[in-house]
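Please read the structure below before turning to the comments.
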Amino acid sequence: MSLTQRGPPCSATTSRPDTSPTSSRGAASVLPRRGRGPGRLRAQMWPSSCSALAARRRGAGLSTVVLAATAAPESFDVVPQNGNGAKKLSRPPLPLLTGEQIVQRMRTSVPEDAHSKYLAYFSSELGGITQEPAFMQVPIDDHMVHRGHAAFDTCILADGFLYQLDAHIERLMISAEKAGIKPFWTPSVIANIVHDTAAASGVKNGFLRFWMSAGKGGFGLGSSECIRPAFYCIATKPPVQRLYGPEDEEMGIPTWRAKTTPVGIKSPCMATIKTNNYLPNALSADDAEADLHATHGIFVDEEGFVSEGGTFNVGFITKDNELVVPEFDNCLAGVTIQRIMELVPQSDSLSDLTVCQRKITAVEAKGCKEMFAASSTSLAIPITTWDRTTFFGGEMGYYTQRIRRMLYEDMRPNPPHALHTEVNYGIVTHMQ
Ligand SMILES: Cc1ncc(COP(=O)(O)O)c(C=O)c1O
12 MSLTQRGPPC
22 SATTSRPDTS
32 PTSSRGAASV
42 LPRRGRGPGR
52 LRAQMWPSSC
62 SALAARRRGA
72 GLSTVVLAAT
82 AAPESFDVVP
92 QNGNGAKKLS
102 RPPLPLLTGE
112 QIVQRMRTSV
122 PEDAHSKYLA
132 YFSSELGGIT
142 QEPAFMQVPI
152 DDHMVHRGHA
162 AFDTCILADG
172 FLYQLDAHIE
182 RLMISAEKAG
192 IKPFWTPSVI
202 ANIVHDTAAA
212 SGVKNGFLRF
222 WMSAGKGGFG
232 LGSSECIRPA
242 FYCIATKPPV
252 QRLYGPEDEE
262 MGIPTWRAKT
272 TPVGIKSPCM
282 ATIKTNNYLP
292 NALSADDAEA
302 DLHATHGIFV
312 DEEGFVSEGG
322 TFNVGFITKD
332 NELVVPEFDN
342 CLAGVTIQRI
352 MELVPQSDSL
362 SDLTVCQRKI
372 TAVEAKGCKE
382 MFAASSTSLA
392 IPITTWDRTT
402 FFGGEMGYYT
412 QRIRRMLYED
422 MRPNPPHALH
432 TEVNYGIVTH
442 MQ
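By the count of the working numbering, the sequence shown reaches residue 443 at its end, each step adding exactly one.
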C-alpha cells in the first residue's frame, strides 16, 4: 500500500512521451499494434531476464519503450503460438526498474497536494521520520496490507497539543492485543513516536493517525511468519470541513443526513476492535454518498438496535432530556462519546440533561428530539434526518450545539489540562 501511488507513473516527467493509461498517443508510437503478426512482435520483444540489463545499457530511450508497455492496454495481447493451442505473450516485458529509477518515480508520482497534506511519517521499518511523501510507504508483504491484520487509531492535534493521546494509545493497545499482535512497544514509546511525528509536521493543528501491524514477512494467512510487528504514524493536515448545503455554510458547521445502511453489520467481536478491516464501513460511506437524501450510513443490528456510523458513534436526546448513548457491545468504544458522557454532568449549560448508556432500538431513536455523531475527527455533528425522520426541525439541535461547544472548549488547550500533551516542536528542529 502506498500513500503516494495515485495518478499515472512518471506523470511529472516532461521529456518522455505521454504514456499515461488514459492516453494511447505515446504508446502507439513505440508499441506494436494489433494485427501486425507474431513474427513482427517477437522481433521487438526482449526476454524479460535481459530487460533490466538492457534498460541500464540503453538508458532513457529504451526505458521509454518499456514504460509504454506498462501503460498501453492493447499491448497485452495474448497470441496463440507454437501450433499447440497454448497461449503465449507477444509483447515487450514490463520494466524491471533500477533502484534509482524507483526513487525517481516515487518522487515524480506524488500528487501535487501531497506535500501540504502529508506532513511527517514515522515507520518502524525505516526506523525514523520522513517529511517526503514519496517515501511514506508500507511494504507489500506487511500483513496490514494484504490481510488487514493491524489495529489503528487517530488523535487530534489542536493548537500544538495532542488531545486525549493516552486514551487513543490505550485503545490501540487493547485492539492490537485482541487482534493477536504482540505488544512490541510500550504505550510510552508509542506516545513518544506520535509526539515526535507531530513535532516533525511543524503544524499546530492536524491529525495523527497510527497503525500497529502484525508486520511484514510473507503472504501467508497466519502472522507467525511475520518478522516483528510494525508501527506507522502519519501527521496530516485536517481536511477542509465538508459542508453539505447552504444552511451549513450559514452556520459554518456541517449537518449530516443519515440513512440505515444496507451494508451488513460487523459481528460484535469485530465491531468492538479498531482494526484495518473497514470494508463494511467504507461501503456504507459509498452507499450514503451515492444517495441524494443522505450523507452518512448508520449500522443497525439484526435485533433492531442502533450500533454506530462508519467512523463515528451516535448519541440521542430523548423528549425527557436524556442523552442516550448506545452500549459498546456492538460498536466501537469511541473516545469522543465517552468524553461527552464524562463532561455533560459537569457542564452548567447542560445541567438539565441526564446521561444514560443503554441499548436503544432504531425505532425508539427515531422518536428522539436530537441525534448527533461523535468522533475525534469531527467532534459532535448534528444529524438532522435519519431515513424519513427529521430531528429538531432539520436544524442543529439545542443540546447538540452545547455539546459541540463543550467538547471544543475541552479540546482547545486554554488552559491545558491532563488530557493535553504539549508538542515540543524544538525536539526535531533543535531550536528550543
Ligand atoms: C467505527 C467507529 N466508531 C466510532 C468512532 C469514534 O471514535 P473516536 O471518538 O475515538 O474517534 C470511530 C473513529 O474513527 C470509528 O471508526
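Cβ coordinates follow ideal geometry from the N, Cα and C atoms, glycine included.
**Q.** Cβ shell of W267 (< 8 angstroms), same chain only, five flanking positions each side left out
**A.** As a working note, residue 267 is residue 256 in the sequence shown. Same-chain partners within the cutoff: Y255, T306, H307, A384, I392, P393, I394 and T395.
Q: Compute the beta-carbon to beta-carbon distance between L168 and A209, rounded to the nearest angstrom, for a pair I have assumed lies under 8 angstroms.
A: The residue you call residue 168 lines up with position 157 of the sequence shown. The residue you call residue 209 lines up with position 198 of the sequence shown. About 5 angstroms separates the two Cβ atoms, so the contact holds.
Q. Under the three-state reduction of DSSP, which class applies to H160: helix, strand or coil?
A. Position 149 of the sequence shown, counted from the start, is the residue given in the question as residue 160. Coil.
Q. How about V346: is its Cβ closer than 7 angstroms to a heavy atom in ligand 1?
A. Taking the sequence shown and counting its residues from 1, one reaches residue 346 at position 335. Yes, the Cβ of V346 comes within 7 angstroms of a heavy atom of ligand 1.
Q. S134: which of C166, A125, E123 and P150 sits nearest, CA to CA?
A. In the sequence shown, the residue the question calls residue 134 occupies position 123. Closest option to S134, Cα to Cα, is P150.
Q) Whole beta strand (DSSP E) runs in the stretch 225-258 with 3 or more residues, listed along the chain? A) 241-247
Q: Along the alpha helix (DSSP H) that carries M281, what are the first and last residues, could you check?
A: Position 270 of the sequence shown, counted from the start, is the residue given in the question as residue 281. First-last of the alpha helix (DSSP H) with M281: P279 to A282.
**Q.** Span separating the alpha-carbon of A65 from that of T109
**A.** Residue mapping note: residue 65 aligns to position 54 of the sequence shown, counting from 1. Residue mapping note: residue 109 aligns to position 98 of the sequence shown, counting from 1. Low confidence applies to A65: its pLDDT is 37, below 50, so where it sits in the model is not reliable enough to give any reading.
Q) In the structure shown, what three-state DSSP assignment does M223 receive? A) Counted from its first residue, the sequence shown places residue 223 at position 212. M223 falls in the strand class under three-state DSSP.
Q.
Taking 7 angstroms as the cut-off, is the C-beta of A299 nearer than that to any heavy atom in ligand 1?
A. As a first step, residue 299 must be located in the sequence shown, where it is residue number 288. No, ligand 1 has no heavy atom inside 7 angstroms of this Cβ.
Q. Nearest to H428 by CA position, among S101, D177 and E136, is which residue?
A. Counting from 1 along the sequence shown, the entry for residue 428 is found at position 417. The shortest Cα separation from H428 among S101, D177 and E136 belongs to D177.
Q) In angstroms, rounded to a whole number, what distance separates the CA positions of I438 and F195? A) What you label residue 438 is simply residue 427 of the sequence shown in a count that begins at 1. What you label residue 195 is simply residue 184 of the sequence shown in a count that begins at 1. Using only the alpha carbons, I get a separation of about 24 angstroms.
Q) Helix, strand or coil: how does DSSP classify V336 here? A) Here residue 336 is taken as the residue at index 325 of the sequence shown, counted from 1. DSSP places V336 in strand when its eight states are reduced to three.
Q: Could you spell out the range, first to last residue, of the alpha helix (DSSP H) harbouring R118?
A: As a working mapping, residue 118 is identified with position 107 in the sequence shown. First-last of the alpha helix (DSSP H) with R118: G110 to T119.
Q | Rounded separation between E143 and K128 - CA only | A | To locate residue 143, count along the sequence shown from 1; it is residue 132. To locate residue 128, count along the sequence shown from 1; it is residue 117. Near 11 angstroms, if we compare the C-alpha coordinates of K128 and E143.
(Q) Mapping the DSSP letters down to three states, classify D297 as helix, strand or coil. (A) To locate residue 297, count along the sequence shown from 1; it is residue 286. DSSP places D297 in helix when its eight states are reduced to three.
Q. Which residues in the same chain have their Cβ closer than 6 angstroms to the Cβ of G96, if we skip the five residues on either side of it in sequence?
A. Taking the first residue of the sequence shown as 1, we reach residue 96 at position 85. Answer for G96: no residue qualifies.
Q: Enumerate, from N- to C-terminal direction, the unbroken beta strand (DSSP E) stretches of 3 or more residues contained entirely within the stretch 124-196.
A: 129-134, 139-141, 161-169 and 172-174
Q. Is DSSP giving E381 helix, strand or coil here?
A. As a first step, residue 381 must be located in the sequence shown, where it is residue number 370. E381 falls in the strand class under three-state DSSP.
**Q.** Whole-number beta carbon distance between K277 and P265, since they are thought to touch under 8 angstroms
**A.** Numbered from 1 along the sequence shown, position 254 holds the residue referred to as residue 265. Numbered from 1 along the sequence shown, position 266 holds the residue referred to as residue 277. Not really, about 26 angstroms apart at Cβ, beyond 8 angstroms.
Q. Are there 16 or more other CB atoms within 10 angstroms of the CB of P273, so buried, or fewer, so exposed?
A. Taking the sequence shown and counting its residues from 1, the one referred to as residue 273 is at position 262. Classification of P273: exposed, given that the 10 Å Cβ count is below 16.
(Q) In the DSSP output, what is Q368 paired with across the bridge? (A) Residue numbering aside, residue 368 sits at position 357 when the sequence shown is read from its first letter. Per DSSP, V336.
Q: Determine, using beta-carbon pairs with one atom in the stretch 397-417 and one in the stretch 324-339, whether at least three such pairs fall under 8 angstroms.
A: yes
Q. Between E261 and N203, what straight-line distance do the alpha-carbon atoms span, to the nearest angstrom?
A. For the purposes of this step, residue 261 is taken as residue 250 along the sequence shown, with counting starting at 1. For the purposes of this step, residue 203 is taken as residue 192 along the sequence shown, with counting starting at 1. Approximately 40 angstroms, taken between the alpha carbons.
(Q) Suppose the cutoff is 8 angstroms on Cβ atoms and the five residues either side in sequence are ignored; what does the same chain contact list for S60 look like? (A) Within the sequence shown, residue 60 is the residue found at index 49, counting from 1. Confidence at S60 is low in this model, with a pLDDT of 32, below 50, so its placement is unreliable and no value can be given for it.
(Q) Along the chain, where does the beta strand (DSSP E) containing I348 start, and where does it finish? (A) Start at 1 with the first residue of the sequence shown, and residue 348 comes out as number 337. First-last for I348: V346 to L354, but that is the alpha helix (DSSP H), not the beta strand (DSSP E).
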